[in-house]
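Just add 120 to the spot in the sequence shown (first one is 1) and you have the numbering used here.
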Amino acid sequence: MCGRLAQYRDAERYFELLRPNPAAPFAQTSFAHAPVYNVSPGTDPMIIRAGGDGPEPATAHWGYRGRAPRMYVNARVEKAATSGYWKPLWERGRILVPADGWFEWTGDKPNRQPHFIHRTDDAPLLLAAILGSDGFAIVTSSADAGLLDVHDRRPIALTAEGALEWLSPDTSSEDALLVTATQALGETEFAWHAVTRAMGNVKYQAADAVAPIGDAAPGTAD
Numbered sequence: 121m122c123g124r125l126a127q128y129r130d131a132e133r134y135f136e137l138l139r140p141n142p143a144a145p146f147a148q149t150s151f152a153h154a155p156v157y158n159v160s161p162g163t164d165p166m167i168i169r170a171g172g173d174g175p176e177p178a179t180a181h182w183g184y185r186g187r188a189p190r191m192y193v194n195a196r197v198e199k200a201a202t203s204g205y206w207k208p209l210w211e212r213g214r215i216l217v218p219a220d221g222w223f224e225w226t227g228d229k230p231n232r233q234p235h236f237i238h239r240t241d242d243a244p245l246l247l248a249a250i251l252g253s254d255g256f257a258i259v260t261s262s263a264d265a266g267l268l269d270v271h272d273r274r275p276i277a278l279t280a281e282g283a284l285e286w287l288s289p290d291t292s293s294e295d296a297l298l299v300t301a302t303q304a305l306g307e308t309e310f311a312w313h314a315v316t317r318a319m320g321n322v323k324y325q326a327a328d329a330v331a332p333i334g335d336a337a338p339g340t341a342d
């Protein structure tokens, strides 16, 4: 699952990925986004949704309950497009969650080691997500395990072209599913490094939550 991520860049930096002309002015200059190095479910991070004049920033609650007895923070792509629970969100609630990376853990409790996963070129990520009346869930891949934990699932990070198609209300549910399969970043486009175990506490918000620790070499999926 994807249960922790980072959003520490300015909103404008995320939107640069979605503008055909990166030099064009940012329309939503009044949107305030404070850096968050340790975003957890139950909080209200920044999202990007389809607006009347194109993609627009907003905030939303991370976690969707709907009519279920529990809250879901992730939606499996192989079920989200067709199940009665997720399908209305898939059809009408597709959004993006901008991120600078996400976290995966390795090892056994109580000594599990967190790692920060990011793009090899350090560009921001645009994660596919679906939004309902009380919150959103990040869509996770059916084809790929976590980059570090083979029992995990990783979020679907889209190319800029794929992200715009995912957001568009003109994109059908079937085409949106195709986008997740053909416009997702591959595992070789990610790198990772171990970070402080202190970030396991959701209250830990220091910038070093994403900083490398120790002498271990960064990892990549070669």
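Each residue gets a CB set at the ideal place from its N, CA and C atoms; glycine is no exception. Predicted, not measured: the structure shown is a model, and the values here were computed from it.
In this structure, Asn-194 sits away from Ala-126, with a CB-CB distance that is not shorter than 8 angstroms. Cβ neighbours of Gly-213 within its own chain (closer than 7 angstroms, five residues either side excluded): Ile-250, Leu-251, Gly-252. The DSSP-derived three-state label of Val-315 is coil. In this structure, the straight-line span from the alpha carbon of Glu-136 to that of Leu-245 is close to 11 angstroms.
Rounded to the nearest whole angstrom, the C-alpha separation of Val-217 and Gly-204 is 23 angstroms. Counting the other CB atoms within 10 Å of its CB gives Ala-170 a total of 16 or more, which places it among the buried residues. A straight-line Cα-Cα distance of about 7 angstroms links Pro-161 and Gly-123. The C-alpha of Trp-222 is placed about 14 angstroms away from the C-alpha of Ala-327. Distance from the CA atom of His-313 to the CA atom of Ile-237, rounded to whole angstroms, is 7 angstroms. In the three-state scheme derived from DSSP, where H, G and I count as helix and E and B as strand, Tyr-128 is classed as coil. Note on geometry: alpha-carbon atoms of Gly-186 and Gly-334 lie some 43 angstroms from one another. Selection Leu-305, Asp-295, Glu-281 evaluated against Pro-275 yields Leu-305 as nearest (Cα-Cα). Contact check for Ala-277 and Trp-286: beta-carbon distance about 11 angstroms, past the 8 angstroms limit, so the pair fails to qualify. Excluding five sequence positions before and after Phe-151, the CB atoms of its chain that fall closer than 7 angstroms to its own CB belong to Ala-131, Pro-177, given in chain order.
Burial state of Asp-220 is buried, judged by a 10 Å Cβ sphere holding 16 or more other Cβ atoms.
A distance below 8 angstroms separates the beta carbons of Ala-329 and Asn-158. Excluding five sequence positions before and after Thr-179, the CB atoms of its chain that fall closer than 7 angstroms to its own CB belong to Asp-164, Pro-165, Met-166, Ile-167, given in chain order. Judged by beta-carbon spacing, Ala-243 lies beyond the 8 angstroms limit of Leu-138, meaning their Cβ atoms are not closer than that value. Of the candidates Pro-208, Ala-318, Gln-325, the residue whose Cα lies closest to the Cα of Arg-232 is Ala-318.
Residue environment: Val-322 is assigned as exposed (fewer than 16 neighbouring CB atoms within 10 Å of its CB, all protein chains considered). If only uninterrupted alpha helix (DSSP H) runs of at least 4 residues are considered, those enclosed by the region 205 to 251 are 207 to 212. Assigned with DSSP and collapsed to three states, Ala-154 falls in coil, not helix or strand.
Under the DSSP assignment, Glu-294 falls in the alpha helix (DSSP H) whose first and last residues are 293 to 302.
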